[in-house]
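The opening residue of the sequence shown carries number 323 in my numbering; numbering runs sequentially from there. See below for the structure under consideration.
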Amino acid sequence: MKLPKSEENPDMTKATPRTRSNPEEKRRLILDEAIRIIGECGYNSFSIRALATRCNLTNAGLLHYFGSKEALLVALLEDRDRRETEEVSHLFDNPQLPVTRNSAEHMKMALREVVLRNSQQPELVKLSVLLSAESLTAGHPAHAYFAAREAATLTRFAAPLTGSFADPQSKAKQILAAIYGLEIQWLRSDCGFDLVAEWNQLLDLLLPDELING
Numbered sequence: 323m324k325l326p327k328s329e330e331n332p333d334m335t336k337a338t339p340r341t342r343s344n345p346e347e348k349r350r351l352i353l354d355e356a357i358r359i360i361g362e363c364g365y366n367s368f369s370i371r372a373l374a375t376r377c378n379l380t381n382a383g384l385l386h387y388f389g390s391k392e393a394l395l396v397a398l399l400e401d402r403d404r405r406e407t408e409e410v411s412h413l414f415d416n417p418q419l420p421v422t423r424n425s426a427e428h429m430k431m432a433l434r435e436v437v438l439r440n441s442q443q444p445e446l447v448k449l450s451v452l453l454s455a456e457s458l459t460a461g462h463p464a465h466a467y468f469a470a471r472e473a474a475t476l477t478r479f480a481a482p483l484t485g486s487f488a489d490p491q492s493k494a495k496q497i498l499a500a501i502y503g504l505e506i507q508w509l510r511s512d513c514g515f516d517l518v519a520e521w522n523q524l525l526d527l528l529l530p531d532e533l534i535n536g
């Protein structure tokens, strides 16, 4: 006996639709898990196998979203840069801050905040330093990323210094070199000194208040 349509079991007449995860959402979840692993275990203990296991994927399934381990690490750094830019920009949108957006004073405050954030995530700083050194070879997958990142950073640093220094591009290079050098010393000492305190002293030498406020 055939049941009327109104009495048929819906499970017998209509298949349950499959849900597919959005590729961008999956990439986001993978990057979040990678950050957690690096934070917990350090960069040296990071592996595609460990990340794939945490994400319930095979190695091949994980690399499907990025192509290679190097590309995944570059995506991780790009994501870190994006988050840092968003968070620092949000901080300086505060109307109570007594600085203008394009001044050297603003630049100095932004640099303090960036290094403060870096001091709180040493393993990601280590990842950036090591990958940057490896990418000096032109054929490295991260070569273009670090070259573009450095050029953009120098431009961003130089712009607000134009009114305070005769050669803002040179001053921007000095600032960037100081950040890189101090962070490498900090990592080599196993984070054995106060990075923020040392940076603030160095920054006062690079951007003295009497000069940028003059």
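Backbone N, C-alpha and C fix where the C-beta goes; we use that ideal spot for every residue, glycine too.
Around F388, the same chain offers L394, A397 as residues with beta carbons nearer than 7 angstroms, after the five sequence neighbours per side are excluded.
Using a C-beta cut-off of 8 angstroms, the stretch 493-500 makes no contact with the stretch 442-451, since fewer than three inter-stretch Cβ pairs fall below that distance. A direct Cα-Cα distance of roughly 11 angstroms separates A469 from T459.
Of the candidates H428, T375, V436, the residue whose Cα lies closest to the Cα of R405 is V436. When the beta-carbon positions are compared, P490 and M429 stay at least 7 angstroms from each other. A Cβ-Cβ separation of about 15 angstroms leaves I534 out of contact with S492 under the 8 angstroms criterion. For L449, the enclosing alpha helix (DSSP H) starts and ends at 444-456.
Closest option to E346, judged by alpha-carbon separation, among E427, A488, D516, L384: L384. If you ignore the 5 residues before and after A455, its C-beta comes within less than 6 angstroms of no other C-beta in its own chain.
Excluding its 5 nearest sequence neighbours in each direction, F479 has C-beta neighbours in its own chain below 6 angstroms: A494, I497, listed in chain order. Between L446 and V518, the gap from beta carbon to beta carbon reaches 7 angstroms or more.
Across the structure, E392 and E532 are spaced so that their CA atoms are roughly 44 angstroms apart.
The C-alpha of I359 lies about 11 angstroms from the C-alpha of I352. In the structure shown, H386 adopts coil according to DSSP, grouped into three states. E355 is a Cβ neighbour of R376, given a cutoff of 7 angstroms.
At a Cβ-Cβ threshold of 7 angstroms, N366 and A374 do not count as neighbours.
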